[in-house]
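Okay, so here's the structure we're looking at.
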Amino acid sequence: MRLWPDGHLRVYEWQRMWIVVADLLMSDLWDCDYPLVCGKYGICSRGQCSCPATYFKLLDDRQPALGCSQITSLSCEASQDHRFVELNDVAYFAFSSSSSDITNTDSETCKQACLKNCSCKAALFQYGLNSSAGDCYLPSEIFSMMNNEKETTHYNSTAYIKVQNLPMPGASPGGKETSHRKRIMGFILESFFGLLVLIGILIFFFRKKNGADEIEEDYLDQVPGLPKRFSFEELKVMTDNFRKMLGKGGFGSVFEGTQTDGTKVAVKRLEGIGEINKSFLAEVKTIGSIHHQNLVRLIGFCAEKSHNLLVYEYMPNGSLDRWLFQRSDEFMLDWQQRKKIILDIAKGLTYLHEDCRQKILHLDIKPQNILLDGNFNAKVADFGLSKLIDQDQSQVVTTMRGTPGYLAPEWLSSIITEKVDIYSFGVVMLEILCGRKVFDRSQPEEEDMYLLSIFKKKAEEDKLSDLVDKHSNDMQSNGEEVVNMMKVAAWCLESDFAKRPSMSMVVRVLEGVTEFEHNLHYNLVHLPITAALANVDHREENDKPTTQLLPSVLSGPR
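Be aware that the sequence shown starts at 2, since it is given in our numbering, and climbs by one per residue.
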């Protein structure tokens with residue numbers, strides 16, 4: 002239940018979203034009875050809003066219900082220029098005989114009382130049969146007014162709205178010139194002082210920003226357990242002035258660098274993100290404390306004013322997508338390599354979910370975020386969209402993030418667990434085993450474009466072997482083992498997240514330590530919804546993240 006500023010007391014009910022199920026006062030009040038139905042100074046007539054003539058204007062021409070404002074503001078210093086705009090047959094929502102400031106009076110007395118009181122904004126006068134014995138109300142604030150229907154209310158009502166008078170047309174030329182000169186001087190003085198105030202505000206915020214930057218940079222030096230901090234000049238030398246680019250994304254570019262001992266590194270330079278220091282500090286602290294053989298290691302960082310850079314270990318074989326989708330003998334992975342890569346990814350996610358002090362949800366598992374070292378060991382990269390939750394917290398409410406095609410169905414409810422990563426892992430498993438993208442527009446038949454759709458169909462027909470990567474003879478010769486691993490992927494893709502395994506369970510199954518139920522029902526996600534999400538971007542790359550949210554400053558290419 003919520004009482005809104007316009008006076009409506011509304012009752013809400015949650016049905017995937019909050020909807021209004023009742024407006025409690027509507028049975029007792031008409032549309033125009035609410036105090037702010039037409040905003041300040043607005044006049045309500047059968048639910049339509051307007052402003053008093055001449056001295057008033059709408060705050061927003063497209064939204065009359067927001068109310069009106071005076072073209073010339075009232076000034077107590079120039080009270081001799083106050084006058085009234087007379088609005089016949091206009092009443093006020095709060096005016097009753099019991100709230101009158103003056104009783105048994107006439108309209109002139111009511112108006113004079115308002116003129117003598119600078120805080121008075123209007124003289125509201127109403128009477129029955131005798132206009133000399135009416136009631137006067139002198140409000141210090143004007144909300145919405147309404148048309149008075151005398152046939153219903155059985156009284157007469159007039160609103161006298163106080164306004165600041167304009168110069169009289171009959172004033173002498175000399176007086177006009179003097180008044181005009183005064184207005185010009187006043188305008189010049191106001192503009193001058195306004196400019197001084199603006200300059201002062203800009204100086205204040207500039208100093209505050211610089212001070213905040215210095216505090217945040219000093220703060221980094223005091224936080225224990227962080228990786229090495231580099232200066233911007235050091236990174237310029239290390240990358241030969243950012244000469245060799247390894248990749249580029251929406252939030253920055255990655256350059257090859259070499260440390261003084263000859264070790265290669267990948268330097269990510271964040272660009273065009275605006276004020277990012279707070280997010281940058283938080284994520285550097287998080288990633289810097291994580292060490293695992295299947296997670297890309299953050300070696301160091303730079304935070305100097307507008308320069309924010311991250312230094313990662315160098316992964317010579319690049320990202321997994323290059324080895325899965327380029328269709329050449331040079332970039333072909335055999336069955337043992339693929340099996341090892343899948344296990345490596347599972348171990349990296351197990352560490353994030355179960356072995357960190359705070360559980361870390363990756364939220365953007367996809368081939369572009371799996372990097373391969375010189376021995377084809379796989380490491381999970383890009384913690385840029387990660388979400389931290391306490392180990393004893395089973396669910397966390399957040400907003401949709403990640404990449405279309407890899408999003409678990411529970412994202413639609415905005416209540417997620419680490420099982421969203423397990424779902425994305427299942428999609429990546431299928432891409433590795435089938436050698437194709439989750440959404441592939443190069444397929445000749447439209448029904449075959451979406452991998453999960455054709456996977457469900459083949460599973461029901463008991464023809465999963467048809468999906469084994471046809472471009473690899475080694476994969477075909479190990480088809481039976483590949484199909485068994487597809488069933489593990491199907492387990493990870495259960496539409497009910499509670500039925501999906503944990504990542505540690507997946508590791509045990511992949512290592513042969515634990516058996517699992519092979520007779521799955523293939524109760525996969527509601528395909529049309531996920532297919533629509535996957536179709537957000539028609540480009541060949543499947544690496545465009547969703548943009549409903551402010552993304553992390555560390556997302557993008559490594």
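All C-beta atoms in this analysis are idealised placements derived from N, C-alpha and C, irrespective of residue type, glycine included.
Arg47 versus Lys420 - alpha carbon distance: 54 angstroms
Alpha carbon to alpha carbon, what distance is there between Ala409 and His527? Unreliable placement is indicated for His527, whose pLDDT of 44 sits below 50; no coordinate value is reported for it.
Does the distance from the CB of Lys41 to the CB of Ile143 come in under 8 angstroms? Contact check for Lys41 against Ile143 passes: the beta carbons are separated by less than 8 angstroms.
Can you grab the Cα-Cα spacing for the pair Arg3 / Tyr13, in whole Å? 8 angstroms
Going by C-alpha distance, which of Ser120, Met476 and Ser108 is nearest His83? Ser120
Are the beta-carbon atoms belonging to Leu494 and Leu465 less than 8 angstroms from one another? no
If you follow the beta strand (DSSP E) that Ile575 is part of, which residue opens it and which one closes it? No answer is possible for residue 575: it lies beyond the span of the chain, which begins at 2 and ends at 559.
Nearest-angstrom beta carbon gap, Leu299 and Ile288 [assumed within contact, 8 angstroms]: That pair is a contact at about 5 angstroms.
Do you know how far the Cα of Asn370 is from the Cα of Val266? So the two alpha carbons sit approximately 17 angstroms from each other.
By the three-class DSSP mapping on this structure, what secondary structure does Arg84 have? Of the three classes helix, strand and coil, the one that applies to Arg84 here is strand, per DSSP.
Report yes if the CB atom of Lys269 is closer than 8 angstroms to the CB atom of Leu311, and no otherwise. yes
By the three-class DSSP mapping on this structure, what secondary structure does Leu130 have? Note: Leu130 maps to coil in three-state DSSP.
Distance, Ser505 Cα to Thr1 Cα: What is shown of the chain runs 2 to 559, which leaves residue 1 out entirely.
Is Asp62 helix, strand or coil when you go by DSSP? Reduced to three states, the DSSP call for Asp62 is coil.
Between the segment 424 to 437 and the segment 476 to 492, do at least 3 Cβ pairs fall closer than 8 angstroms? yes
Confirm, please, whether the CB-CB distance from Ala160 to Met146 is below 8 angstroms. yes
Under the three-state reduction of DSSP, which class applies to Cys111: helix, strand or coil? helix
Helix, strand or coil at Asp467 according to DSSP, with G and I counted as helix: helix
Check whether Ile44 and Val91 have beta carbons under 8 angstroms apart: yes
Answer yes if the segment 441 to 456 comes into contact with the segment 355 to 370, meaning at least three C-beta pairs across the two stretches below 8 angstroms, and no otherwise. Cβ pair count under 8 angstroms is below three, so no.
Can you grab the Cα-Cα spacing for the pair Arg323 / Gln338, in whole Å? 14 angstroms
To the nearest angstrom, how far is the alpha carbon of Thr110 from that of Thr154? Looking at the two C-alpha atoms, the distance is approximately 24 angstroms.
Endpoints, alpha helix (DSSP H) assigned at Ser254: Taken as a continuous stretch (DSSP letters only), Ser254 belongs to no alpha helix (DSSP H), being part of the beta strand (DSSP E) at Gly253 to Thr259.
Cβ pair count under 8 angstroms reaching 3, the segment 433 to 449 against the segment 467 to 481: yes
Ile277 - DSSP class collapsed to helix/strand/coil: Any answer about Ile277 is weak, because its pLDDT of 48 lies below 50 and its placement is not dependable; what the coordinates show is given next. It is coil, neither helix nor strand.
Return the first residue and the last residue of the beta strand (DSSP E) that Gly480 is part of. Run containing Gly480: none in the beta strand (DSSP E); it sits in the alpha helix (DSSP H), Gly480 to Cys493.
Nearest-angstrom Cα separation, counted from Arg63 out to Gly135: 38 angstroms
Does the Cβ of Pro53 have 16 or more other Cβ atoms within 10 Å, making it buried, or fewer, making it exposed? buried
In chain order, which continuous runs of the alpha helix (DSSP H) of length 4 or greater are located wholly inside the segment 307 to 354? Correct list: 321 to 326 and 336 to 351.
What are the start and end residues of the alpha helix (DSSP H) that includes Arg509? Met504 to Leu511
Would you tell me roughly how many angstroms separate the C-alpha atoms of Lys306 and Phe206, rounded to the nearest one? 15 angstroms
Continuous beta strand (DSSP E) stretch holding Thr106: start and end: Ile103 to Thr106
By how many angstroms is the C-alpha of Leu75 removed from the C-alpha of Ser173? In this prediction, Ser173 has a pLDDT of 43, which is less than 50 and means its spatial position is unreliable; what the coordinates show is noted afterwards. In this model, Ser173 and Leu75 are separated by some 24 angstroms (Cα to Cα).
Quick check on DSSP: helix, strand or coil for Ala172? At Ala172 the pLDDT is 44, less than 50, meaning the model places this residue with poor confidence; the figure from the coordinates comes in the next sentence. If DSSP states are grouped into helix, strand and coil, Ala172 belongs with coil.
C-alpha gap between Phe377 and Ile366, whole angstroms: Looking at the two C-alpha atoms, the distance is approximately 18 angstroms.
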